[in-house]
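Report on one structure; see the data block that follows.
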Amino acid sequence: MKAVVITEPGGPEVLAYQDVPVPEPADGEVLLEVAATAVNRADLLQRAGNYAPPPGASETLGLECSGRIAALGAGVTGWQVGDEVCALLTGGGYAEQVAVPAAQLMHVPSGVDLVTAAALPEVSCTVWSMVFDRAPAADLAPGEAFLVHGGSSGIGTMAIQLAYARGARVFTTAGSAAKLQACRDFGADVAINYRESDFADVIRAETNGAGVDVILDTIGARYLEGNVASLATGGRMVVIGMQGGAVGQLNLGALMTRRASIYAATLRARPLEQKALIVAGTEASVWPLIEAGQVRPVVHEVLPMAEAAEAHRIIEDSSHIGKVLLSAR
88 MKAVVITEPG GPEVLAYQDV PVPEPADGEV LLEVAATAVN RADLLQRAGN
138 YAPPPGASET LGLECSGRIA ALGAGVTGWQ VGDEVCALLT GGGYAEQVAV
188 PAAQLMHVPS GVDLVTAAAL PEVSCTVWSM VFDRAPAADL APGEAFLVHG
238 GSSGIGTMAI QLAYARGARV FTTAGSAAKL QACRDFGADV AINYRESDFA
288 DVIRAETNGA GVDVILDTIG ARYLEGNVAS LATGGRMVVI GMQGGAVGQL
338 NLGALMTRRA SIYAATLRAR PLEQKALIVA GTEASVWPLI EAGQVRPVVH
388 EVLPMAEAAE AHRIIEDSSH IGKVLLSAR
């Protein structure tokens, strides 16, 4: 089969589409014929040599995919060869075939085509588990105020839609007029141009000083001070990215005064048991909203898998709105 291979750490040009061995599904796994995969910022970090896969994971890029089941490993029940699915992966999605634990499979929501379904697993599982699930995540409730940074990203577009659908007041940040309008179209009540305004000042004014109850942050250190200043009493901040740096100063006094909490986590390295629960919870809670038309996958562009380097350039340029997909067919 063919897969995208990192020939050496570096820029997008180090990605090559080459022949590699077909993976064998282990006990409890299935083999998927990949229809499409999606590009995530973690892929860019791994390509550059800054994000090694967890022990035992595939070295091939790709944290999610859609496709059809081609073979069942020993002990797999509830699925059949030919089933159309999407899957949360620990790696391996940039390929024509991938082996994945059956517990990380999800049905394709009705009304979503198989290629587009590749845009769903990573963002929906991340947002659901970090923002809406119960402890240790944020447990965002209807009527609360929610802030997500980078509202036009894959994570951002999903977070805005889910928060809006579940009755939260949604704040977001973005860097252009087109992206700000897209965020409003997805359900953001307040869209803040971070190039022109201090988001913390805007939130303070819009909430009469009360702040927001939950923050989903992909930026990290650069926004730490502003995020803490934006939290309401009892607020919860969930950090899932470090685009703005990993090390910052935390004002513990401000955090204590607000009786607030900060939670930081990734999804990729979690054990199978945890991922299985997240996948099941996401399908049970998010898929009905997709099938009802309240939430939709947002796809910026679909490129052939052989053009993975161009897809990485699009993500690095941050010109996209939603997800960039790679089609294997």
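For our numbering, add 87 to where a residue sits in the sequence shown, where the first one is 1. Each residue gets a CB set at the ideal place from its N, CA and C atoms; glycine is no exception. Here the structure is a predicted model, which is why all the values come from computation and not from measurement.
Item to complete: For the alpha helix (DSSP H) containing E312, list its first residue and its last residue.
Response: L311 to S317
Discussion item. Can you find the residues in the same chain that come closer than 7 Å, C-beta to C-beta, to V257, ignoring five residues on each side of it along the sequence?
Written reply: F233, I247, A250, Y251, G274, A275 and D276
Worksheet entry | Status (buried if at least 16 other CB within 10 Å, exposed otherwise) for A186 | buried
Worksheet item: Is A157 near Q184, with beta carbons less than 8 Å apart?
Response: yes
Practice prompt. Tell whether a beta-carbon distance below 8 Å holds between M324 and I302.
Written response: yes
Worksheet item: In chain order, what residues of the same chain lie with their CB nearer than 7 Å to the CB of R282, ignoring the 5 residues before and after it?
Response: G262
Practice prompt. Mark Q336 as exposed unless 16 or more other C-beta atoms lie within 10 angstroms of its C-beta, in which case mark it buried.
Written response: exposed
Item to complete: Would you mind giving the Cβ-Cβ distance between T260 and G237, rounded to the nearest angstrom? I have them listed as a contact below 8 Å.
Response: 7 Å
Worksheet entry | Backbone CA spacing between L339 and M88 [nearest angstrom] | 53 Å
Item to complete: Determine the contact status of I402 and V411, defining contact as a CB-CB distance below 8 Å.
Response: yes
Fill in: Close Cβ partners of I279 (< 6 Å) along its chain, the five nearest in sequence each way excluded
T260, F286 and V289
Worksheet item: Say the cut is 7 Å; is the CB of G274 nearer than that to a heavy atom of the ligand ADP?
Response: The ligand ADP is absent from the structure shown, which contains no ligand whatsoever.
Practice prompt. Could you please give the first and the last residue of the uninterrupted beta strand (DSSP E) stretch that includes L119?
Written response: E116 to A125
Worksheet item: Whose CA, out of A352, A228, S406 and R355, lies closest to the CA of A269?
Response: S406
Worksheet entry | the segment 192-206 touching the segment 376-396, judged by at least three CB pairs closer than 8 Å | yes
Fill in: Spatial distance of R355 from L176 (CA atoms)
8 Å
Worksheet entry | Simplified DSSP assignment, three categories, for T305 | coil
Worksheet entry | Start-end ranges of the beta strand (DSSP E) lying completely within the segment 127-199, minimum 3 residues | 151-159, 171-175, 184-188 and 192-194
Practice prompt. Sort G321, P208, T244 and R383 by Cα distance to G368 and report the nearest one.
Written response: P208
Fill in: Reference R253, options E231, P358, G409 and G178, closest by Cα
E231
Discussion item. On the criterion of 16 or more Cβ atoms from any shown chain inside 10 Å, does E95 qualify as buried, or is it exposed?
Written reply: exposed
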